[in-house]
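Here is the structure we will look at, set down as C-alpha cells.
Chains as they are written, first to last, in this note's numbering: chain G, -18 to 146; chain U, 2 to 154.
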C-alpha cells in the first residue's frame, strides 16, 4: 500500500526544540566514564584539560544524546514531533533501529544546556525485509547549545514492521 | 601526571591494527551504563523482565555500546584525537556475564576533501568491532581527526 498524503506531507517537517533537563555537568560525565572505563583525560582530568586546546573539561562527544534523555519523573511534555503523526498503511507493531550515524561539530562543556530537534527526512514505501514487511523511516536529530550553535547531529534509520509479516 | 599517547597522522599506516581491550560485563557494569545514560528500559537492569522477552539476561544499551566502541579510538590515538563521525551498527546483544572484546584497525587515511566540517582535517577512518563471548555484538566506522606534524597546533 502506498503512503498516505498525510504521511507524505510530514516528510521534511521538524519539531520544536526539546530541552535537556539539566546542564552538562562533571558528575554525569564521571558516571558515564566509569561505565565504559574511558580514561581520556579531557573528560575528567582538570589539569590536563586546562592545558589542552579546549582550556578545560569537555564532555565525551558520544554523550550528546545522554544530556537530552527525558526525566523519569515528572514525565515531561514533549512538543509535536512529525514521526509520532505517521499513520503508515499496515498493522506494523515493532520498531528496530537499522542504522545510526553521529556527527560531532563542536565541543560540549560543563554548563552548556543542550536541546535537539527531530526532523523527518524520509519514509520509504513498504519494503520486504529479512525480518518482515515494513517502512524505513529516516530522521535527523540536530543538537544545539544555549548559544544556538549546532554541536552535532544524529541520523537514524528505523524499520517499522510487522514481525514475521 | 601520566604521559598520554599522541599519534600523529603521518605515523598511521592504512590497515594497521589499533589494538584491542577486553571487559568483563556483569549486571553492575550494564546497569551502571544504563543509569549513566539515563536509560530506564528494564531490559538493561531487570533480569526477570529480560527473560520474559526471551533474552537470557539483561543487555548492554545502545549509548553504552557506542561509548565502548569510541573508547578504543581515543585509547589508541590519545586525547589529541578528535571524534568526528561514527556510523554504528548492531548485530547482536551483549549480556551480563559476557566477555566483551573490542578491536579495530585503520581502513584509510585522508585529508578531508568534502566541503563540510571535516574539510582540510587530517582524518583516519577506523573499523571497530565488538564481540560478546565470541558472538558478533556491534561495530562502527569511526572517523577521527589526528594532529599533523606539519600543521601548527
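All C-beta atoms, glycine included, are put in the ideal place defined by N, C-alpha and C. None of these values were measured; they are calculated from a predicted model.
Listed by chain order, chain G residues near residue i by CB distance under 8 Å
i            : result
residue 53/U : Ordered by position in chain G, no residue passes the 8 Å Cβ test against residue 53/U, which lies about 16 Å from the chain.
residue 40/U : 50
residue 75/U : 19, 21
residue 80/U : 21, 22, 23, 29, 33
Heavy atom of the ligand ATP within 7 Å of residue i beta-carbon
i             : result
residue 127/G : Questions concerning the ligand ATP fall outside what the structure shown contains, since it holds no ligand whatsoever.
CA nearest to the CA of residue i, picked from the options
i             : options                 : result
residue -12/G : 39/G, 104/G, 9/G, -5/G  : 104/G
residue 87/U  : 97/G, 126/G, 86/G, 25/G : 86/G
residue 110/G : 127/G, 5/G, 140/G       : 140/G
Beta carbon proximity, residue i to chain G, threshold 8 Å
i             : result
residue 4/U   : no
residue 150/U : no
residue 34/U  : yes
residue 24/U  : yes
residue 147/U : no
residue 96/U  : no
Where residue i meets chain U, residues with beta-carbon distance less than 7 Å
i             : result
residue 47/G  : 38, 39, 64
residue 81/G  : 89
residue 142/G : What residue 142/G touches in chain U: nothing, since even the nearest Cβ is about 16 Å away.
Beta-ladder partner(s) of residue i, from DSSP
i             : result
residue 130/U : 104/U, 140/U
residue 90/U  : 140/U
residue 83/G  : 135/G, 87/U
residue 0/G   : 96/G
residue 104/G : 118/G
Range covered by the beta strand (DSSP E) that runs through residue i
i             : result
residue 18/U  : 18 to 25
residue 38/U  : No beta strand (DSSP E) contains residue 38/U, which DSSP labels as neither H nor E.
residue -14/G : Not the beta strand (DSSP E): residue -14/G falls in the alpha helix (DSSP H), residues -14 to -9.
residue 136/G : 131 to 142
Partners in chain U for residue i, counting only beta-carbon separations shorter than 9 Å
i             : result
residue 126/G : Within chain U, no residue comes near residue 126/G; the closest Cβ sits about 15 Å away, beyond 9 Å.
Where the alpha helix (DSSP H) through residue i begins and ends
i            : result
residue 63/U : 63 to 78
residue 24/G : 22 to 25
residue 52/U : 48 to 53
Neighbour flag for residue i against chain U, beta carbons, 8 Å
i             : result
residue 59/G  : no
residue 70/G  : no
residue 138/G : no
residue -14/G : no
Contacts that residue i makes with chain G (C-beta to C-beta distance below 9 Å)
i             : result
residue 121/U : The contacting residues do not exist; residue 121/U stays about 14 Å from chain G at best.
Chain-ordered chain G contacts of residue i [CB-CB under 7 Å]
i            : result
residue 67/U : 43
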